[in-house]
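Visitor: Before I ask anything, here is the structure I am working with.
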Amino acid sequence: MLNSLDLPRRPQDTRVVVAMSGGVDSSVVAGLMKQEGYDVVGVTLQLYDHGAAVQRAGACCAGQDIHDARRVAERLGIPHYVLDYERRFKEAVIDRFAESYMAGETPIPCVACNQTVKFSDLLETARTLGADVLATGHYVRSAPAGNRRALYRPADLDRDQSYFLFATTQEQLDFLRFPLGGRPKAEVRALARRFGLAVADKQDSQDICFVPKGRYADVIARLRPDAAEPGDIVHVDGRVLGRHDGIIHYTVGQRRGLGIAAGEPLYVVRLDAAARRVVVGPRDALATRRLSLRDLNWLGAEPLDPGAPVALFAKVRSTRPPVPAVLTRHADGAIEVELADGETGVAPGQACVFYDADGAEARVLGGGWIARAVPVSPGALPDTVVSPCAAAG
Numbered sequence: 114m115l116n117s118l119d120l121p122r123r124p125q126d127t128r129v130v131v132a133m134s135g136g137v138d139s140s141v142v143a144g145l146m147k148q149e150g151y152d153v154v155g156v157t158l159q160l161y162d163h164g165a166a167v168q169r170a171g172a173c174c175a176g177q178d179i180h181d182a183r184r185v186a187e188r189l190g191i192p193h194y195v196l197d198y199e200r201r202f203k204e205a206v207i208d209r210f211a212e213s214y215m216a217g218e219t220p221i222p223c224v225a226c227n228q229t230v231k232f233s234d235l236l237e238t239a240r241t242l243g244a245d246v247l248a249t250g251h252y253v254r255s256a257p258a259g260n261r262r263a264l265y266r267p268a269d270l271d272r273d274q275s276y277f278l279f280a281t282t283q284e285q286l287d288f289l290r291f292p293l294g295g296r297p298k299a300e301v302r303a304l305a306r307r308f309g310l311a312v313a314d315k316q317d318s319q320d321i322c323f324v325p326k327g328r329y330a331d332v333i334a335r336l337r338p339d340a341a342e343p344g345d346i347v348h349v350d351g352r353v354l355g356r357h358d359g360i361i362h363y364t365v366g367q368r369r370g371l372g373i374a375a376g377e378p379l380y381v382v383r384l385d386a387a388a389r390r391v392v393v394g395p396r397d398a399l400a401t402r403r404l405s406l407r408d409l410n411w412l413g414a415e416p417l418d419p420g421a422p423v424a425l426f427a428k429v430r431s432t433r434p435p436v437p438a439v440l441t442r443h444a445d446g447a448i449e450v451e452l453a454d455g456e457t458g459v460a461p462g463q464a465c466v467f468y469d470a471d472g473a474e475a476r477v478l479g480g481g482w483i484a485r486a487v488p489v490s491p492g493a494l495p496d497t498v499v500s501p502c503a504a505a506g
């Protein structure tokens with residue numbers, strides 16, 4: 114007979130390590146596991162700031178959050194450990210974040226954190242603590258699929274975090290559990306109150322944890338003083354429209370704050386890091402249907418056959434619904450995705466995540482990092498641009 118975590122043993126004989134961030138979700142996971150009689154151990158990661166960010170709302174994994182996690186563990190009567198992962202977090206997440214922006218990409222550090230620190234390093238730590246599973250407060254579901262586990266979108270799509278977990282490997286997925294996948298947020302907060310947890314009404318984390326007030330360019334400039342090198346702002350037709358103070362201040366799809374005057378609305382179309390150019394153009398220049406991916410992580414039931422297109426649903430932003438698409442792994446290993454209805458403003462460095470359907474509890478089939486978004490109307494940007502005076506003739 115299986116317990117609620119799909120393991121063939123009594124709860125009291127099953128050790129569950131809970132990744133406790135200090136927020137309401139992971140705290141309720143610890144409470145639920147304790148209530149069900151499991152042998153629960155709470156672990157909190159110290160990731161940055163050496164505990165200095167005590168009063169920063171909207172962040173996680175430092176200062177006040179660690180104190181909150183400790184208080185929850187005391188309330189529940191479970192052992193609690195704080196692990197110093199600052200060096201690993203800087204190497205695997207913060208440094209990679211800065212390097213990605215300097216390369217003209219738009220990175221997603223939360224995916225990198227899950228991929229490395231949380232679901233690799235912490236998972237191994239959980240094993241050394243004798244854990245049978247590692248439980249987290251993510252709003253996704255997992256369930257047995259044959260002799261392995263499959264990942265699914267949650268019942269409450271307003272809380273769906275599957276986009277950020279596409280890089281979870283099959284081995285990691287088999288060890289992970291997500292007890293909140295079938296619950297709405299309101300129920301989770303109600304459980305926190307019933308358990309008597311002080312974090313029941315705590316604000317959800319929203320910002321990138323190591324980026325104060327969303328000012329990512331300041332963080333990059335501090336880590337890489339040479340990152341903010343000036344360059345040209347160039348129209349897709351080749352005209353130089355102005356100068357910029359560093360491509361790290363721009364993202365694909367951006368319209369405001371370009372620092373140029375033009376007779377039409379212009380958007381950042383792409384970032385040419387090698388030439389230090391910000392390429393701008395009209396909105397239709399942002400349109401794409403075809404994406405090239407790197408570092409594919411496939412979680413489908415069947416392996417991908419080279420050259421055989423697979424119809425599925427793809428999501429290129431965490432806030433957008435999955436849309437019909439076709440995935441192809443070519444014989445040379447190249448990965449391409451064709452979006453049936455196209456998208457706008459898709460940037461290298463973002464994720465493309467696959468599903469078998471577009472609704473609640475759809476299965477996650479994996480995903481990859483976007484290496485290139487092929488424009489529908491590529492325009493004509495020559496290697497050598499011309500000055501405004503020369504263009505005027």
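Here the sequence shown is numbered in the numbering used here, starting from 114 and rising by one per residue.
The beta carbon of each residue, even a glycine, is placed where N, CA and C say it ideally should be.
Assign Glu377 to buried or exposed, taking buried as 16 or more other Cβ atoms, counted over all protein chains shown, within 10 Å of its Cβ.
Guide: In the sequence shown, the residue the question calls residue 377 occupies position 264. Per the 10 Å Cβ criterion, exposed.
Visitor: Just to confirm my understanding: we take Leu354, look at its own chain, exclude 5 residues before and 5 after, and list those with CB closer than 6 angstroms. What are they?
Guide: In the sequence shown, counting from the first residue as 1, residue 354 sits at position 241. Ile346, His348 and Ile373, listed in sequence order.
Visitor: Closest to Arg188 by CA distance: which of Thr432, Ala132 and Gly309 is it?
Guide: As a first step, residue 188 must be located in the sequence shown, where it is residue number 75. Of the candidates Thr432, Ala132 and Gly309, the one whose C-alpha sits nearest the C-alpha of Arg188 is Gly309.
Visitor: Provide the residue span of the alpha helix (DSSP H) that contains Cys226, from first to last.
Guide: Translated into positions along the sequence shown, residue 226 becomes position 113. Counting along the chain, the alpha helix (DSSP H) containing Cys226 begins and ends at Pro222 to Cys226.
Visitor: In whole angstroms, what separates the C-alpha of Pro220 from that of Val466?
Guide: By one-based count along the sequence shown, residue 220 stands at place 107. By one-based count along the sequence shown, residue 466 stands at place 353. Approximately 14 angstroms, taken between the alpha carbons.
Visitor: Thinking Val382 and Leu371 are a contact (beta carbons under 8 angstroms), I'd like their distance in whole angstroms, please.
Guide: Stepping through the sequence shown from its first residue, residue 382 is reached at position 269. Stepping through the sequence shown from its first residue, residue 371 is reached at position 258. Rounded, the Cβ-Cβ distance is 11 angstroms, inconsistent with contact.
Visitor: Check Pro461 in the structure and name its three-state DSSP category.
Guide: The residue you call residue 461 lines up with position 348 of the sequence shown. Correct three-state label for Pro461: coil.
Visitor: Does the distance from the CB of Val365 to the CB of Leu384 come in under 9 angstroms?
Guide: On the sequence shown, position 252 is the one that residue 365 refers to. On the sequence shown, position 271 is the one that residue 384 refers to. Their beta carbons are under 9 angstroms apart, which means Val365 touches Leu384 by this criterion.
Visitor: Can you tell me whether Ser134 is buried or exposed? The criterion is at least 16 other CB atoms within 10 Å of its CB, across all chains shown.
Guide: Position 21 of the sequence shown, counted from the first residue, corresponds to residue 134. With 16 or more Cβ atoms within 10 Å of its Cβ, Ser134 is classed as buried.
Visitor: Are Ala269 and Arg290 close, meaning C-beta to C-beta below 9 angstroms?
Guide: For this step, residue 269 is matched to residue 156 along the sequence shown. For this step, residue 290 is matched to residue 177 along the sequence shown. Just to set this straight, residue 269 is Asp in the shown sequence, not Ala. No.
Visitor: Does Gly420 come out as helix, strand or coil in the three-state DSSP assignment?
Guide: On the sequence shown, position 307 is the one that residue 420 refers to. Here Gly420 sits in coil by DSSP.
Visitor: Within the continuous beta strand (DSSP E) that includes Val439, where are the two ends?
Guide: Residue numbering aside, residue 439 sits at position 326 when the sequence shown is read from its first letter. It spans Val436 to Arg442 - the beta strand (DSSP E) in which Val439 sits, taken as one unbroken run.
Visitor: Taking Cβ to Cβ, would you say Ala402 is nearer than 9 angstroms to Glu342?
Guide: Taking the first residue of the sequence shown as position 1, residue 402 is located at position 289. Taking the first residue of the sequence shown as position 1, residue 342 is located at position 229. Correcting the residue identity first, residue 402 is Arg in this sequence and not Ala. No. Outside cutoff.
Visitor: If you draw a straight line from the C-alpha of Pro192 to the C-alpha of Leu409, how long is it?
Guide: In the sequence shown, counting from the first residue as 1, residue 192 sits at position 79. In the sequence shown, counting from the first residue as 1, residue 409 sits at position 296. Their Cα atoms are separated by approximately 38 angstroms.
Visitor: Based on the DSSP output, what are the partners of His107 in its beta bridges?
Guide: What the structure shows of the chain is the stretch from 114 to 506, and residue 107 is not part of that stretch, so it cannot be assessed.
Visitor: Could you please give the first and the last residue of the uninterrupted beta strand (DSSP E) stretch that includes Val382?
Guide: Taking the first residue of the sequence shown as 1, we reach residue 382 at position 269. Segment Tyr380 to Asp385, the beta strand (DSSP E) holding Val382.
Visitor: When you compare each of Met146, Ala132, Val137 and Ser139 to Asp126 by their alpha carbons, which one comes out closest?
Guide: Position 13 of the sequence shown, counted from the first residue, corresponds to residue 126. The shortest Cα separation from Asp126 among Met146, Ala132, Val137 and Ser139 belongs to Met146.
Visitor: Quick one, which of Leu286, Asp317 and Leu118 has its alpha-carbon nearest Phe232's?
Guide: Residue 232 sits at position 119 when you count from the first residue of the sequence shown. Out of Leu286, Asp317 and Leu118, Leu286 has the C-alpha closest to the C-alpha of Phe232.
Visitor: The alpha helix (DSSP H) spanning Tyr329 covers which residue range?
Guide: Within the sequence shown, numbered from 1, the residue matching residue 329 stands at position 216. Where Tyr329 is concerned, the enclosing alpha helix (DSSP H) stretches over Tyr329 to Leu336.
Visitor: Quick check: Asp197 and Gln159, are their CB atoms within less than 9 angstroms of each other?
Guide: If you number the sequence shown from 1, residue 197 lands on position 84. If you number the sequence shown from 1, residue 159 lands on position 46. Closer than 9 angstroms, so yes.
Visitor: Is the distance from the Cβ of Asp245 to the Cβ of Leu118 below 9 angstroms?
Guide: Taking the sequence shown and counting its residues from 1, the one referred to as residue 245 is at position 132. Taking the sequence shown and counting its residues from 1, the one referred to as residue 118 is at position 5. Against a cut-off of 9 angstroms, the Cβ pair of Leu118 and Asp245 comes out as a contact.
Visitor: Could you spell out the range, first to last residue, of the beta strand (DSSP E) harbouring Thr401?
Guide: Here residue 401 is taken as the residue at index 288 of the sequence shown, counted from 1. Segment Ala400 to Trp411, the beta strand (DSSP E) holding Thr401.
Visitor: Do you know offhand how far Leu440's Cα is from Leu425's?
Guide: Looking up residue 440 in the sequence shown gives position 327. Looking up residue 425 in the sequence shown gives position 312. Their backbone Cα atoms lie some 7 angstroms apart in a straight line.
Visitor: Going along the chain, which unbroken runs of the beta strand (DSSP E) with 3 or more residues stay wholly within the stretch 258-310?
Guide: The stretch 258-310 contains these whole beta strand (DSSP E) runs: 261-265.
Visitor: According to DSSP, is Gly144 helix, strand or coil?
Guide: Working through the sequence shown from its first residue, we reach residue 144 at position 31. Correct three-state label for Gly144: helix.
Visitor: So Pro437 packs on Ala453, CB below 8 angstroms; how close in whole Å?
Guide: Numbered from its first residue, the sequence shown carries residue 437 at position 324. Numbered from its first residue, the sequence shown carries residue 453 at position 340. About 4 angstroms; that satisfies the 8 angstroms criterion.
Visitor: Rounded to whole angstroms, what is the Cα-Cα separation between Gly144 and Gln177?
Guide: Working through the sequence shown from its first residue, we reach residue 144 at position 31. Working through the sequence shown from its first residue, we reach residue 177 at position 64. In a straight line, the C-alpha of Gly144 is about 20 angstroms away from that of Gln177.
Visitor: For His193, name the three-state secondary structure that DSSP assigns.
Guide: Within the sequence shown, numbered from 1, the residue matching residue 193 stands at position 80. Of the three classes helix, strand and coil, the one that applies to His193 here is strand, per DSSP.
Visitor: Please name the residue in Ala248, Gly458, Pro419 and Val185 whose C-alpha comes closest to that of Arg442.
Guide: Numbered from its first residue, the sequence shown carries residue 442 at position 329. Minimum Cα distance to Arg442 is reached at Pro419.
Visitor: Considering only C-alpha positions, which residue in the set Asp181, Glu204, Lys203 and Val206 is nearest to Val195?
Guide: Walking along the sequence shown from the start, residue 195 turns up at place 82. Considering only alpha carbons, the answer is Asp181.
Visitor: Can you tell which of Gly479, Gln228 and Arg485 has the C-alpha that lies nearest to the C-alpha of Glu218?
Guide: Here residue 218 is taken as the residue at index 105 of the sequence shown, counted from 1. Ranking Gly479, Gln228 and Arg485 by Cα distance to Glu218 puts Arg485 first.
Visitor: Looking at the strands, I want to know which residues DSSP matches up with Gln177.
Guide: Position 64 of the sequence shown holds residue 177. Bridge partners of Gln177: none, in fact.
Visitor: Nearest-angstrom Cα distance between Thr433 and Pro124?
Guide: Position 320 of the sequence shown, counting from 1, holds the residue named residue 433. Position 11 of the sequence shown, counting from 1, holds the residue named residue 124. It should be noted that the sequence gives Arg, not Thr, for residue 433. For Arg433 and Pro124, the distance between alpha carbons rounds to 38 angstroms.
Visitor: Return the bridge partner residues of Ala427 from the DSSP annotation.
Guide: Taking the sequence shown and counting its residues from 1, the one referred to as residue 427 is at position 314. Paired residue(s): Val436 and Phe467.
Visitor: Could you check which residue in Pro422, Leu304 and Gly479 has the C-alpha nearest to that of Thr281?
Guide: In the sequence shown, counting from the first residue as 1, residue 281 sits at position 168. For the residues Pro422, Leu304 and Gly479, the minimum Cα distance to Thr281 belongs to Gly479.
Visitor: Taking the straight line between their C-alpha atoms, what separation do you get for Leu264 and Val224?
Guide: In the sequence shown, the residue the question calls residue 264 occupies position 151. In the sequence shown, the residue the question calls residue 224 occupies position 111. Between Leu264 and Val224, the C-alpha separation is close to 15 angstroms.
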